[in-house]
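Visitor:
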Amino acid sequence: MAAVTPLLLLLLLSSAPSFSSESRNAYNINGRVKIPQGLGTKGYALPGRMSNVKVLLNGGQNITFLRPDGYFSFHNIPAGTHLIEVSAIGYFFSPVRVDVSARNPGKVQAALTENRKGLSELVLEPLREEQYYEIREPFSIMSLLKSPMGLMVGFMLAVAFLMPKLVENMDPEEMRRAQEEMRSQGVPSLSSLLPGGAMN
Amino acid sequence: MAIRSFFLFILFFSSSISPVFSLYEDQVGLMDWHQQYIGKVKQAVFSSQRAGRKRVVVSTEENVIASLDLRHGEIFWRHLLGADDVIDGIDIGLGKYVITLSSGGSILRSWNLPDGQMVWESSLQGPKHSKSFLLVPTNLKFDKDNLLVVFSNGRLHAISCIDGEVLWKKDFEAESFEVQQVILPPGSDLIHVVGFAALSQFEMYQINAKNGELLKHESASFSSGFSGQVSLVSTETVVALDSTGSILLTISFQDGKISSQQTPISNLVEDSLGPAVIIPSSVSGIFAIKTDAVTIFIRVIGKGNLEVVEKTTHEIAVSDALSISEDQQAFALIQHASSEIHLTVKLAHDWDGNLLKESVKMDRQRGLVHKVFINNYIRTDRSYGFRVLIVMEDHSLLLLQQGEIVWSREDGLASIIDVTTSELPVERDGVSVAKVEHNLFEWLKGHMLKLKGTLMLASPEDMAAIQSMRLKSSEKSKMTRDHNGFRKLLIVLTRAGKLFALHTGDGRIVWSYLLRSLHKSEACQSPIGLNLYQWQVPHHHAMDENPSVLVVSRCGPSSDTSGVLSFVDTYTGKELSSLSLDHAVVQVIPLPYTDSTEQRLHLLIDADKHAHLYPKTSGALSIFKREFSNIYWYSVEDQNGIIKGHALKCKCTGEVADEFCFDTRDLWSVVFPSESEKTIATVTRKLNEVVHTQAKVVADQDVMYKYISRNLLFVATVAPKGSGEIGSVTPEESWLVAYLIDTVTGRILHRVTHHGSQGPVHAVFSENWVVYHYFNLRAHRYEMSVIEIYDQSRADNKDVWKLVLGKHNLTSPISLFSRPEVITKSQSYFFTHSLKAIAVTSTAKGITSKQLLLGTIGDQVLALDKRFLDPRRTVNPTQLEKEEGIIPLTESLPIIPQSYVTHALRVEGLRGIITVPAKLESTTLVFAHGVDLFFTQLAPSRTYDSLTEDFSYALLLITIVALVAAIFVTWRLSERKELQEKWSFYSAFASQSTFSSLHFSDN
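Next up, the structure:
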């Protein structure tokens, strides 16, 4: 994401004529879609190909495509407030609100609807890249330990090795008392629990 | 009960905000499949490029332009144009650009042939609407630049092929002038524009192609007038029919002089025929006319002498002409003969000699040949070979070469009308062809590989082996029912009137059937399929029957034409029976009752508001009579803004006694004021939806009761001004009103107005909530709102003592005369994208939490947890609410890329999303269709009830082995230690032998 920002600044320098008036209250909207190079090369089936980008006006009322340089235009659009959306696999574009007014043709009035940022030129850029797949975490001991089996083994080890340690740290007096108690109650030890244990 | 609480417990655990649907890249294709189609081909142009792979560029009725591989039929690239941007013509310019003319001739685009990148786009305006023509002359040069000639909207344009610049234009402003043909005589710089004016005037304009200058304008009047199209016979002769359709006019305009000749059709053919139409063809010297039964090919000899060359009653299809040398043109002709089609390729000037004659076996389920496109190639022995591309009645596309079908594409699947599902047969001995489980060693090896994969220790070869092993899994494409209910048949009805059964495992076509009842016939002129219903779903005692579906269709576009029913077996794909109805089908109401053979009862409402019961059996009738007074339905009249509720009255009082016909009565009606509201969307709950519990436990141990009724209808209306496109209306004059209406009583339970909002509205109704998507003009963003409806009358039942003492009102009858005590909660959020479709996941028992499936404008399907659309979200949820899983309120709904169900794929031209529950409670099957098809399995709360695909059994085995080993080791250790202890004990307390001996004797 950090790589996008310097490019964003550069792109604003490029200028495009945004509106040109036509007869009969119909206008043209011209704009440009810029996908910064170097993005979208991370394993998509079609990394940022311009030919698969669509530009949609008012929820699909008009659909147009990009020229090789990224320019697009909508023809014969009545005056009013319109919505332009860009559909490109791998990128998230904010819809753009575009005002086409009859009074001052040629004036740009566009704003991103997601963050209400005004645009001085109709240059549309992705807000962010979209990563559709989870990335496989590299193998780590932690992930193995966190799995149910890992927890099982861990618990067992804890019981097997830490419990005796706990017992060792006990006061010898108390321990003896406890042992006495255990013996008197006849609590079976592990070996006696197992089938072979009884043989002893 | 214990199991349920266990499920809830797990659900609670699995409820985390992180995207639930997420996929690793190597899991693509494991549970999902994606198929790409283009639709019925309208026009095809073969690329004549010598080098590289052979291509054919096609435009289709689904408004797709695509470049296909001529060898295999695969798609190189494809673009779906907008719905209003219908393609009028395509061609290839300079051998490397695909030129398309669309939007009624007002948009001209050029695409790069190898990769489909748009090169330029031009907007062509004109004075008035007219036919449009796109011509790409090969020899017309203008400053080294090839010209394109486009006639559209009453204006002739010459356009540069390289950059789309308009070089000159010429208006044809005469009010009544209707262009019929634009002709470019080869080898000259002239353009001929011919057409009719004022019904009986023939006009010819000659224009200089270099600069658009009008050189000549001639006209001649024909008192008999014209009808239909004209056919171009040569570059200077056209043939037209007079207004009665019985006299042929041969008009030639050689050297700018118009001369004509009239030939009555009866002179050519003895027996009188009805009015004829000209079939346009581009074959020079030959044209065809078609009457009801006969197709006649006529040759023009010299100046206006006509001669019949062939008369046929067979269905016939002719291709356009193909120039194979300087003065030779070939064309292809296809004729049907029972199970074969005969392909003949002829030279234009020599009807009787055939260049090629082949017979190809053709599947009857493909129907008739609708279109033929011919292409030639040079064989190794320097003779001409021909291949033809044919478009069939079922919209499929086939390439024929050397008497064989080289490839075929099932492009009918690009236009699906309706979808239903069917179970597969139960696995029995001899039914399935199950593969024998491979031996244990193989199995272990596979799992060791998988383990290596998860531990990231696998080499690339291992990874490839794992991937192929996963994809190959024969389990998922077996033809029998599985334990989890993942394997089903998707039965789809296409616009061509063909039924397909697709296997959910891999998307292959199990069978296909071109409905005979949807064939054109005397009684049924233009049959169209409407809907699919499950007719017979056998279980319990009717297990031996095969399931079947009901296809409802009607004989014409208007709703009062008579209907046709067909019943199709879903295992064999055979039509069991079909019924031509004597009444129309306006509405079909599947009733929740089945007869003794598990046939589902359906009520068909006709145009005169009579209800007809199907199946017409006495058993069904007796069941129906029992439920007679419990059947209610509603109808929506879009034009008048009226919603009406209906019930049954009595038997039909018509002259014919029909036990299965019933009169209906109107119960209620809701009339929306036409000056302020226009209905744009109505949605109800899915009939087969299962709700697990009515109670909803909220944070402070309180219970809310969902108002669950099958008879709730969501209606959205907008201001009539605001029913147009975005941008056509200001926020002040637009509003959207949402209603919840009880369809039995007609009572409006809830009404909410969104000021400054407009459609289109996409809504989904499930359980006790409805979610709808609309456009907010003030914020200029899309919004989604949720309405949840709760039953207050049961709110006092929370007291346990009341329940114990039986003082609750759970069993008290619900009266329709009293107003139900309901409360609604709602909330709205911003949403970034436009929507094309919306659906909700459905599971077998309704326990699993729900996800909304949003078909976005970018043709992707996004899964959004319903918890994001919970009206109880607040900015700062309390600790209790957080524990309940309430997400802090945000202004807009999040779009998490990993929760795109379609991941990096597009379902081009998305139209609908269908969800079907699997038998496994956690899982739902999702089928999205448009021009493309996409299928996947979803687990909205993860698969809490089964192990996932990549569960490592090897790891489990290793753990068990390790545990057993550890047990033995610790046992040995413990034994030894105990022995030592005993020895030390013995030596230390040797004197106290009495105790010790006692102890030993114990052992």
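Those sequence lines, one after another, are chains A and B.
Residues 285 to 484 in the working numbering are what the first sequence spells out, letter by letter.
Residues 212 to 1214 in the working numbering are what the second sequence spells out, letter by letter.
C-beta atoms are modelled at their ideal positions from N, C-alpha and C, and glycine is treated no differently.
None of these values were measured; they are calculated from a predicted model.
Provide the residue span of the beta strand (DSSP E) that contains Leu517(B), from first to last.
Guide: Here residue 517(B) refers to the residue found at position 306 of the second sequence. Taken as a continuous stretch (DSSP letters only), the beta strand (DSSP E) holding Leu517(B) covers 516-523.
Visitor: The segment 391-405 of chain A: which residues have C-beta closer than 7 Å to a C-beta of chain B, in chain order?
Guide: Interface annotation for the segment 391-405 of chain A against chain B: Thr397, Glu398, criterion Cβ-Cβ distance under 7 Å.
Visitor: Taking one C-beta from the segment 1040-1047 of chain B and one from the segment 1055-1064 of chain B each time, how about it: are there three or more such pairs within less than 8 Å?
Guide: no
Visitor: For His366(A), which residues does DSSP report across the bridge?
Guide: The residue given as residue 366(A) occupies position 82 in the first sequence. His366(A) pairs with Val382(A).
Visitor: Using a Cβ-Cβ cut-off of less than 9 Å, list which residues of the segment 282-311 of chain B approach chain A; keep chain order.
Guide: Trp288, His290, Leu291, Leu292, Gly293, Ala294, Asp295, Asp296
Visitor: Is Asp296(B) near Ser313(B), with beta carbons less than 8 Å apart?
Guide: As a working note, residue 296(B) is residue 85 in the second sequence. As a working note, residue 313(B) is residue 102 in the second sequence. A contact, by the Cβ cut-off of 8 Å.
Visitor: Using beta carbons (cut-off 8 Å, strictly below), is Ala1177(B) in contact with chain A?
Guide: Locating residue 1177(B) in the second sequence gives position 966, where the first residue counts as 1. It does; some Cβ of chain A falls within 8 Å.
Visitor: Going along the chain, which residues of the segment 365-382 of chain A sit with their C-beta nearer than 8 Å to a C-beta in chain B?
Guide: Those residues of the segment 365-382 of chain A that come within reach of chain B (Cβ to Cβ, closer than 8 Å) are Thr365, His366, Leu367, Glu369, Ser371, Ala372, Ile373, Gly374, Phe376, Ser378, Pro379, Arg381.
Visitor: Mind reading off the beta-carbon distance from Leu1121(B) to Thr1135(B)? Whole number of angstroms is fine, and I expect it under 8 Å.
Guide: One-based indexing of the second sequence puts residue 1121(B) at position 910. One-based indexing of the second sequence puts residue 1135(B) at position 924. Not a contact, Cβ separation roughly 18 Å.
Visitor: Strictly below 7 Å CB to CB, what residues from chain A border Glu936(B)?
Guide: The count along the second sequence starts at 1 and reaches residue 936(B) at position 725. Against Glu936(B), the close residues of chain A are Asn342, Gln345, in the order they occur along the chain (beta-carbon pairs closer than 7 Å).
Visitor: CB-CB under 6 Å to Leu394(B), same chain, minus the five flanking residues each way: which ones, in chain order?
Guide: The residue given as residue 394(B) occupies position 183 in the second sequence. Just to set this straight, residue 394(B) is Ile in the shown sequence, not Leu. Closer than 6 Å at the Cβ level, and outside the excluded window around Ile394(B), lie His403, Thr446.
Visitor: If you draw a straight line from the alpha carbon of Ile854(B) to that of Val617(B), how long is it in whole angstroms?
Guide: Position 643 of the second sequence, counting from 1, holds the residue named residue 854(B). Position 406 of the second sequence, counting from 1, holds the residue named residue 617(B). One Cα belongs to Ile854(B), the other to Val617(B), and the distance between them is close to 54 Å.
Visitor: Does DSSP classify Gln392(B) as helix, strand or coil?
Guide: Start at 1 with the first residue of the second sequence, and residue 392(B) comes out as number 181. Gln392(B) carries a strand assignment under DSSP once its states are collapsed to helix, strand and coil.
Visitor: Have a look at Val630(B) and Val1172(B) and give me their C-alpha separation to the nearest angstrom.
Guide: Your numbering for residue 630(B) matches position 419 in the second sequence. Your numbering for residue 1172(B) matches position 961 in the second sequence. If I take the Cα positions, the gap works out to 49 Å.
Visitor: When the Cα of Val847(B) is compared with those of Leu567(B), Arg896(B), Val797(B), which residue comes out closest?
Guide: Here residue 847(B) is taken as the residue at index 636 of the second sequence, counted from 1. Ranking Leu567(B), Arg896(B), Val797(B) by Cα distance to Val847(B) puts Val797(B) first.
Visitor: Could you tell me whether any Cβ in chain B is nearer than 8 Å to the Cβ of Val407(A)?
Guide: Translated into positions along the first sequence, residue 407(A) becomes position 123. Chain B, which has no Cβ nearer than 8 Å to the Cβ of Val407(A), makes this no.
Visitor: If contact is defined by three or more beta carbon pairs under 8 Å, each pair taking one atom from either stretch, is the segment 367-383 of chain A in contact with the segment 1064-1073 of chain B?
Guide: yes
Visitor: For Ala395(A), which residues of its own chain have a beta-carbon under 8 Å away from its beta-carbon, when the five flanking residues on both sides are left out?
Guide: Here residue 395(A) refers to the residue found at position 111 when the first sequence is read from its first residue. Taken in chain order, the residues that qualify are Val380, Arg381, Lys401, Gly402, Leu403.
Visitor: Can you grab the Cα-Cα spacing for the pair Asn922(B) / Leu729(B), in whole Å?
Guide: Here residue 922(B) corresponds to residue number 711 of the second sequence, with the count starting at 1. Here residue 729(B) corresponds to residue number 518 of the second sequence, with the count starting at 1. Distance between the alpha carbons of Asn922(B) and Leu729(B): 33 Å.
Visitor: Where does Leu940(B) fall in DSSP's three states?
Guide: What you label residue 940(B) is simply residue 729 of the second sequence in a count that begins at 1. Reading off the sequence, residue 940(B) comes out as Val, not Leu. Correct three-state label for Val940(B): coil.
Visitor: Counting only Cβ pairs nearer than 8 Å, list the residues of chain B close to Ala444(A).
Guide: Here residue 444(A) is taken as the residue at index 160 of the first sequence, counted from 1. Here the neighbours are Ala1177, Thr1181.
Visitor: Please name the residue in Ile462(B), Asn565(B), Arg837(B), Lys468(B) whose C-alpha comes closest to that of Gly515(B).
Guide: Locating residue 515(B) in the second sequence gives position 304, where the first residue counts as 1. Measuring from the Cα of Gly515(B), the nearest candidate turns out to be Ile462(B).
Visitor: Take the Cβ of His428(B) as the centre, count every other Cβ of all protein chains shown within 10 Å, and call the residue buried at 16 or more, exposed below.
Guide: On the second sequence, residue 428(B) is found 217 positions in, with the first residue counted as 1. His428(B) is exposed by the Cβ-count criterion.
Visitor: Are the beta-carbon atoms of Leu704(B) and Ser723(B) separated by less than 8 Å?
Guide: In the second sequence, residue 704(B) corresponds to position 493, counting from 1. In the second sequence, residue 723(B) corresponds to position 512, counting from 1. Going by C-beta atoms, Leu704(B) is not nearer than 8 Å to Ser723(B).
Visitor: Taking the alpha-carbon positions, what's the Lys689(B) to Gly716(B) distance?
Guide: What you label residue 689(B) is simply residue 478 of the second sequence in a count that begins at 1. What you label residue 716(B) is simply residue 505 of the second sequence in a count that begins at 1. Cα to Cα, the separation comes out at about 8 Å.
Visitor: Determine, using beta carbons only, whether Ile1106(B) comes closer than 8 Å to chain A.
Guide: In the second sequence, residue 1106(B) corresponds to position 895, counting from 1. For Ile1106(B), the nearest beta carbon of chain A is closer than 8 Å to its own beta carbon.
Visitor: Please check if any C-beta of chain B sits within less than 8 Å of the C-beta of Met459(A).
Guide: Residue 459(A) sits at position 175 when you count from the first residue of the first sequence. So no, Met459(A) is outside the interface.
Visitor: Could you tell me which chain B residues have their CB closer than 7 Å to the CB of Met440(A), listed as they occur along the chain?
Guide: For this step, residue 440(A) is matched to residue 156 along the first sequence. Residues of chain B passing the Cβ test: Leu1174, Ala1177.
Visitor: Please report the straight-line C-alpha distance between Ile1107(B) and Lys907(B), rounded to a whole angstrom.
Guide: If you number the second sequence from 1, residue 1107(B) lands on position 896. If you number the second sequence from 1, residue 907(B) lands on position 696. For Ile1107(B) and Lys907(B), the gap between their C-alpha atoms comes out near 28 Å.
Visitor: Along chain B, in chain order, which residues have C-beta atoms closer than 9 Å to that of Val437(A)?
Guide: Within the first sequence, the letter at position 153 stands for residue 437(A). Correct list: Thr1170, Ala1173, Leu1174, Ala1177.
Visitor: List the residues of chain A that Trp331(B) touches, going by C-beta distances under 7 Å, in chain order.
Guide: Here the question's residue 331(B) lines up with position 120 in the second sequence. Result: Arg351.
Visitor: With 16 other CB atoms within 10 Å as the buried threshold, where does Gly967(B) fall?
Guide: Here residue 967(B) is taken as the residue at index 756 of the second sequence, counted from 1. Result: buried.
Visitor: Once the 5 residues before and after Tyr416(B) are set aside, which same chain residues still bring their CB inside 6 Å of it?
Guide: Here residue 416(B) refers to the residue found at position 205 of the second sequence. Around Tyr416(B): Val404, His428.
Visitor: Among Val450(B), Ala420(B), Gly406(B), which one has its Cα closest to the Cα of Ser430(B)?
Guide: As a position in the second sequence, residue 430(B) is number 219, starting the count at 1. For the residues Val450(B), Ala420(B), Gly406(B), the minimum Cα distance to Ser430(B) belongs to Gly406(B).
Visitor: Who are the Cβ neighbours of Asn484(A) in its own chain at under 6 Å, not counting the five residues just before and after it?
Guide: Numbered from 1 along the first sequence, position 200 holds the residue referred to as residue 484(A). The pLDDT assigned to Asn484(A) is 41, lower than 50, so where the model puts this residue is not dependable; a value taken from the coordinates is nonetheless given after this. Closer than 6 Å at the Cβ level, and outside the excluded window around Asn484(A), lies no residue.
Visitor: Using a C-beta to C-beta distance shorter than 7 Å, which residues of chain B count as neighbours of Met433(A)?
Guide: For the purposes of this step, residue 433(A) is taken as residue 149 along the first sequence, with counting starting at 1. For Met433(A), the chain B residues whose Cβ falls inside 7 Å of its Cβ are Leu1166, Leu1167, Thr1170, in order along the chain.
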